[in-house]
Every structure is written in C-alpha cells, then in structure tokens.
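Visitor: Residue numbers (the working numbering): 25 to 472.
The C-beta atom is built at its ideal place from N, Cα and C for all residues, glycine as well.
The structure displayed is predicted, hence computed values, not measured ones.
Before anything else, here's the structure in question.
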Ligand code: HEC
Ligand code: HEC
Ligand code: HEC
Ligand code: HEC
Ligand code: HEC
C-alpha cells in the first residue's frame, strides 16, 4: 500500500450511478510539498522509449522555460531596486512555473537564489515526469498542480495519461481526465500577482469564457485540441483543420488513432530560433499566420475615416495572450497615392526598432493602483486597459485621417507580432537583447 500523502486532505465524494464515477476533490492549499530530487526521472530516460515525443518536446518553450534568456534577463531586471515587501515577493516568485521541478524539490526557492546551482534535471524546465505525475489542481492560477511522482528509475510509479488500457512494463499507467482538460495547462497559464492579486496572465480564463469551451464535452476544444495537434505543416488552429495524428506512443506499442504532439508551440519564434530549432520556429510562424484575419472598410473615407477590422479566427483565447503587457500585436498601415507616394503611415518601426506612441497596439496595460501605467509587473495593482481581441470576436479600429485619399490610392494594412517591445529590451543592462523577429500575421491591400 502506498502511503497517503499527508500534505493535502482529499475529501472524496464517490457517486456510482449508471456507471459514471464522479469524484469531487476538495484540496486544502498548504505550502507545496517538497519531494526528494531523486524521485523525478530525467526526460532522457522517458525518451529511451518515447523518443519521438521527447524530440518534439526538446527545445520547446516548456523545455526552455528555465533557460530562456528573454525570461531570465527580464526577470532579473524586474527584481532590481525593489524595496516594498509585496513587490519583492512577486519578483521572486517566477521560479514556481519557470523552474517547477526545482521549486518542488527545494531549490531554487526564489529567483535571487544562485540559479547556477540549480540541479541539472530542474534546468530542463517543464518536463515529462512533472506533467505526468500530476493528479490534481488546487487552484486555477499560479501553478496549483498536485503531484504524486514515483521513486526514480527503480520504482517509476504511475504515469498519468490519455489511455485507459495502457500496460507498459517500465512504469505503471493510469487514465487521467485532468490530462484531457484545459485545467492541467490553466493552472500555470493564469498568473496572478502573489501579493496584490492582479491578473497578470489570463489565458485559461480567456479560453474558459470563449466559444471553444463548449458545454458539450464532445464539441469542446481544450488547449490540447489545438496545441497538441500541431506538427510541421499542420498548424492546427481554430481556423484550420486539426487532423488526428495516428501512431504509437513507443516503437513497439499499439497503433492509436491519435498521439498528442508535444511541441507546445505558441508565438515565440525568437527563443526557439536562438536555440537553433528551425522546425519550432516555422511552426510558431504557421500558428501566428493562422490566428487572425484583417480587412478594410473604405466606406467612410469621404469623412476622413478608415476602418480596419481584425478578427480572431484561430486562437482559443485573446490575441495576444500570455504576457499580454509585453507581447506586441499591432497594425501597420500605409496609404500610397496613384503615383506611389507615401501619403500616410502608422505603426512602422523606427531606426531603433521602436514603435511610436500613436501606433495601434493590442495589449494590456498594467497600473500602479492610482491610474499610472507601470512597466514592472511586480508593481502592478490594476489592469488599466485591455484592448486585445477575444477568441472568435472582431474589433474595429477607426483611423482618423487629416485628408481624403484620392481615387487610385492603395491602402495597405498588416497585423504584426513580436515578443516584446524593443524599448523594454533596451533597458536591460549587458549584452544587447533583440531585436526580436517580427512576424506578419495577416495583411490586406485595396486600391480605391
Ligand atoms: C506540459 C505538460 C506535459 C509535458 C511537459 C509532457 N507531457 Fe506528455 N502529455 C501531456 C498531456 C496533457 C497529454 C494528453 C493530452 C490529452 O489527452 O488531451 C500527454 C500525452 C502523453 C503520452 C500519451 C501518448 C500521446 O502523446 O498521446 C505520452 C506517452 C507522453 N505524454 C509522454 C511524455 C514524455 C515522454 C514527455 C517528455 C519528453 C512528456 N510527455 C511531456 C502533457 C505533458
Ligand atoms: C521502457 C520503455 C518506457 C519508458 C522508459 C517510459 N515509458 Fe511511458 N510508456 C511505455 C509504454 C510501452 C506505454 C504504453 C503505450 C500504449 O499503451 O500505447 C507507455 C505509456 C505512457 C503514458 C500513457 C499512459 C496512459 O495511461 O495514458 C505516459 C503518460 C507515459 N508513458 C509517460 C512516461 C514518462 C513520463 C516516462 C519517463 C518518466 C516514461 N513514460 C518512460 C514505455 C515506456
Ligand atoms: C482553437 C485553437 C486554440 C486553443 C483551443 C488554444 N490555443 Fe493557444 N494559441 C492558438 C493560436 C492560433 C495561437 C497564436 C496566436 C497568439 O499568439 O495568440 C496561440 C498562442 C498561444 C500562446 C502564445 C501566446 C503569445 O502570443 O505569447 C500560449 C501561451 C497559448 N496559446 C496557450 C494556450 C492555452 C494554455 C490554452 C488553453 C487554455 C490554449 N492556448 C488554447 C490557438 C489555440
Ligand atoms: C508548470 C507550469 C505549466 C504547465 C502545467 C503548462 N505550461 Fe505552458 N508554459 C509554461 C511556461 C512558464 C511557459 C513559458 C516559458 C518561456 O517563455 O520562457 C509556457 C509556454 C507555453 C507555450 C509557448 C508560448 C509561446 O509564447 O510560444 C505554449 C503553447 C504552452 N505553454 C501551452 C501549454 C499547454 C497546452 C499546456 C497543457 C497541456 C501547458 N502549456 C501546461 C508553464 C506551464
Ligand atoms: C503561474 C506561472 C508563472 C509564473 C509564476 C511566472 N510566469 Fe512567466 N510565463 C508563464 C507562462 C505560462 C508564460 C508563457 C506565456 C506567453 O507565451 O505569452 C510565461 C512567459 C514569460 C515571459 C516571456 C518569455 C519570452 O521568451 O518571450 C517572460 C519574460 C516571463 N514569463 C517573465 C516572468 C517573470 C519575470 C516572472 C516572475 C515575476 C514570471 N514570469 C512568473 C507562467 C508564469
């Protein structure tokens, strides 16, 4: 018999009716249990059999979450010079999601620990044995995963997954509803300020409130339904096909109708590119190029107004999502007259790769609680504004012109994406960071 872990209390209500088992678990939140490091198994070991899955996961943003230079340098920069307790607490908390195996085994505990002493396995980020030891979620923000890892390679324990008939001989296997739900992702992909409670990232909530979260489980498209269907050549977004990926979980296992892919690609082309992973870089571009549509309404030009309409056709959450105060999705607009002269422009990068103030940017702006914008999320006490584009919705941006474009002019608009404003990267001391790649998500051009 395995010992019931003492760090959480589970009140189970088991209802056996018409063969349906409903388990409701109330888990009281107590400080995260520390496990011995040797209970976790290296991704390389899992890859011995699941080599294709390991290859997909290697250099994914999950694999790189601890080493990602954009994250590490931004995090260190934001920590500098803080003096208020709540702000320091937030700035120290990053490792809970970015280095989860380290935190749950005792080191690092906080960002300012000597991260060069991080155990090798923990430097490998969000990994196989972390996700596949998850048995529950205490809260849908700030990584509330409850783990039951095995005891290392000699006694690997139970790996939770999508199959209900799996009988591997190396480890035990169990069917897990949690792994099929957005909840396993959502607990990390919703980030709240640890002291002030401000919503810093809300990807899970955005998905939960979207049409993809259909009340009918058969029609619902969870995070996995897009992100774990993508593979080279198949972007698997809300506006493309998401064909199944038949295959087997190891070379000698049975053929399954779908093997979930593990590339975990979002919009990050810069960091995957920096680690030399051309496939994932291309997949991120493909994802971004199948996320949104843009069109023009030229009906009000006589009133010196141009409408640009942007539709979120492919993302299961807002565009952009995640670190919505940092990501830049913006409109680049130009008008050329019949003789090709540029008569209007907005949203073009300047010589320093910065965007001017009047550009239309879809983003969240964090505030200090008194209405002033803050760059440092550790100081964020409010969300001042949020004009991002929710899933399956469209927004119209009206541009006021100071002239009426002549007949024969060409109006062009592009929707562009980059990971972070160059203005912020330029603040970070040391070796220059960036410029990050700019990806064209959608474009439109019309002669009037
Ligand atoms: C971020 C969490 C996460 C990480 C990291 C992760 N997995 Fe998974 N994995 C999942 C989820 C979730 C599913 C099932 C998806 C579903 O059922 O909707 C899955 C499915 C699987 C399956 C069943 C076969 C399949 O792909 O459908 C295997 C085997 C597996 N993972 C092995 C691994 C290995 C090996 C690694 C490391 C190289 C790994 N996983 C890393 C979340 C993760
Ligand atoms: C010696 C080979 C081997 C190694 C090493 C191995 N697995 Fe497996 N694993 C299998 C086989 C075989 C299956 C069954 C596949 C099937 O049923 O289609 C499996 C199934 C799984 C499943 C699906 C379980 C389910 O019920 O849905 C997960 C998740 C999984 N492995 C994760 C891991 C992780 C994480 C590691 C590393 C800690 C690992 N495996 C190491 C052979 C292995
Ligand atoms: C209907 C398909 C679909 C579903 C469902 C979906 N996504 Fe996405 N996701 C996308 C597309 C398309 C993009 C690229 C556009 C973008 O960055 O917003 C994306 C981007 C992302 C990014 C990168 C965001 C950025 O710009 O930095 C993250 C992180 C992410 N998704 C996580 C999730 C999580 C977590 C869930 C579930 C709660 C989820 N996604 C559900 C399609 C989907
Ligand atoms: C333990 C916390 C954790 C869990 C669980 C988790 N993620 Fe993540 N995820 C992260 C972190 C942290 C990053 C960002 C790493 C970075 O950018 O340095 C990330 C990055 C991503 C990205 C890439 C974003 C980009 O900008 O390209 C995608 C896509 C993604 N996750 C999807 C998922 C999905 C789908 C699941 C559920 C199957 C999931 N995640 C579960 C923490 C987690
Ligand atoms: C609750 C989990 C969680 C915590 C805690 C967390 N993050 Fe993240 N972080 C994420 C996820 C999920 C993403 C991916 C979202 C996306 O791609 O937009 C991410 C992405 C990032 C990125 C983007 C990296 C890139 O390559 O573009 C930066 C920068 C970042 N986080 C900084 C921080 C800092 C600084 C802290 C601590 C103050 C922190 N994070 C704490 C979950 C977390």
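1. Quick check on DSSP: helix, strand or coil for residue 46?
2. Drop a sphere of 10 angstroms on the beta-carbon of residue 454, count the other beta-carbons inside from all chains shown, and report buried for 16 or more, exposed for fewer.
3. On the DSSP letters alone, give me the boundaries of the alpha helix (DSSP H) that residue 307 sits inside.
4. Quick one: what's got a C-beta closer than 6 Å to residue 53's C-beta in the same chain, skipping five residues either side?
5. Which one or two residues does DSSP pair with residue 336 in a beta bridge?
6. What residue from 348, 330, 339 has the CA that sits closest to residue 359's CA?
7. Relative to the alpha-carbon of residue 110, which residue among 276, 166, 137, 221 has its alpha-carbon at the smallest distance?
8. Taking the straight line between their C-alpha atoms, what separation do you get for residue 348 and residue 193?
9. For residue 385 versus residue 438, is the C-beta spacing smaller than 9 Å?
10. Using 8 Å for Cβ pairs, my map puts residue 63 next to residue 175. What's the rounded Cβ distance?
11. Between residue 394 and ligand 3, is there a pair consisting of the residue's CB and a ligand heavy atom that are separated by less than 8 Å?
12. Could you tell me if residue 142 is buried or exposed, where buried requires 16 or more neighbouring beta carbons within 10 angstroms of its beta carbon?
13. So, are the CB atoms of residue 184 and residue 66 less than 9 Å apart?
14. Compare the C-alpha of residue 294 against each of 411, 351, 362, 355 and name the closest.
15. Select from 436, 376, 230, 410 the residue whose C-alpha is nearest the C-alpha of residue 321.
16. So if I measure from each beta-carbon to every heavy atom of ligand 2 and keep distances below 5 Å, which residues remain?
17. Can you list, in chain order, the residues of its chain whose CB lies under 7 Å from that of residue 389, leaving out five sequence neighbours each side?
18. Quick check: is any heavy atom of ligand 3 less than 8 Å from the C-beta of residue 293?
19. One question on the structure: do residue 253 and residue 267 come within less than 9 Å of each other, judged by their Cβ atoms?
20. Take residue 472 as the anchor and find which of 434, 128, 177 has the nearest alpha-carbon.
21. Any heavy atom of ligand 5 closer than 8 Å to the CB of residue 444?
22. Rounded to whole angstroms, how far is the Cβ of residue 336 from the Cβ of residue 416, which I believe are closer than 8 Å?
Guide: Reading off the structure:
1. The residue given as residue 46 occupies position 22 in the chain shown. With a pLDDT of 34 at residue 46, under the threshold of 50, the modelled position of this residue cannot be trusted; read the value that follows with caution. Residue 46 falls in the strand class under three-state DSSP.
2. Numbered from 1 along the chain shown, position 430 holds the residue referred to as residue 454. By the 10 Å Cβ count, residue 454 comes out exposed.
3. Counted from its first residue, the chain shown places residue 307 at position 283. 302-313 is the extent of the alpha helix (DSSP H) around residue 307.
4. One-based indexing of the chain shown puts residue 53 at position 29. Because residue 53 sits at a pLDDT of 41, beneath the cut-off of 50, its placement in the model cannot be relied upon, and the point is left open.
5. To locate residue 336, count along the chain shown from 1; it is residue 312. The partner list for residue 336 (beta bridge, DSSP) reads 316.
6. Mapped onto the chain shown, residue 359 falls at position 335. Checked all of 348, 330, 339; the closest Cα to residue 359 is 330.
7. In the chain shown, the residue the question calls residue 110 occupies position 86. Selected option, being the one with the closest Cα: 221.
8. To locate residue 348, count along the chain shown from 1; it is residue 324. To locate residue 193, count along the chain shown from 1; it is residue 169. Spanning the alpha carbons of residue 348 and residue 193 requires a straight line of approximately 44 Å.
9. Residue 385 sits at position 361 when you count from the first residue of the chain shown. Residue 438 sits at position 414 when you count from the first residue of the chain shown. Their beta carbons are not under 9 Å apart, which means residue 385 does not touch residue 438 by this criterion.
10. To locate residue 63, count along the chain shown from 1; it is residue 39. To locate residue 175, count along the chain shown from 1; it is residue 151. Between residue 63 and residue 175 the beta-carbon gap is near 6 Å, inside 8 Å, which marks them as a contact.
11. Locating residue 394 in the chain shown gives position 370, counting from the first residue. No, ligand 3 has no heavy atom inside 8 Å of this Cβ.
12. Taking the first residue of the chain shown as 1, we reach residue 142 at position 118. Around the beta carbon of residue 142, 16 or more other beta carbons lie within 10 angstroms, which makes this residue buried.
13. By 1-based counting over the chain shown, the position of residue 184 is 160. By 1-based counting over the chain shown, the position of residue 66 is 42. Taking 9 Å as the Cβ cut-off, residue 184 and residue 66 do not qualify as a contacting pair.
14. Within the chain shown, numbered from 1, the residue matching residue 294 stands at position 270. Distances from the alpha-carbon of residue 294 to those of 411, 351, 362, 355 put 351 closest.
15. Reading the chain shown from its first residue, position 297 is the one you call residue 321. The shortest Cα separation from residue 321 among 436, 376, 230, 410 belongs to 436.
16. Proximity annotation: ligand 2 has residues 65, 70, 72, 73, 152, 153, 156, 183, 185, 186, 187, 190, 192, 194, 197, 273, 274, 277 in chain order, each selected because its CB is closer than 5 Å to a heavy atom of the ligand.
17. What you label residue 389 is simply residue 365 of the chain shown in a count that begins at 1. Taken in chain order, the residues that qualify are 349, 397, 408, 409.
18. Working through the chain shown from its first residue, we reach residue 293 at position 269. Every heavy atom of ligand 3 is 8 Å or more from the Cβ of residue 293, so no.
19. Within the chain shown, residue 253 is the residue found at index 229, counting from 1. Within the chain shown, residue 267 is the residue found at index 243, counting from 1. Yes, they are a contact pair.
20. In the chain shown, counting from the first residue as 1, residue 472 sits at position 448. When 434, 128, 177 are compared, the shortest CA-CA separation from residue 472 is found for 434.
21. In the chain shown, the residue the question calls residue 444 occupies position 420. It does: the Cβ of residue 444 is within 8 Å (strictly closer) of some heavy atom of ligand 5.
22. As a working mapping, residue 336 is identified with position 312 in the chain shown. As a working mapping, residue 416 is identified with position 392 in the chain shown. Between the beta-carbon of residue 336 and that of residue 416 there is about 6 Å, and that keeps the pair under the 8 Å contact cut.
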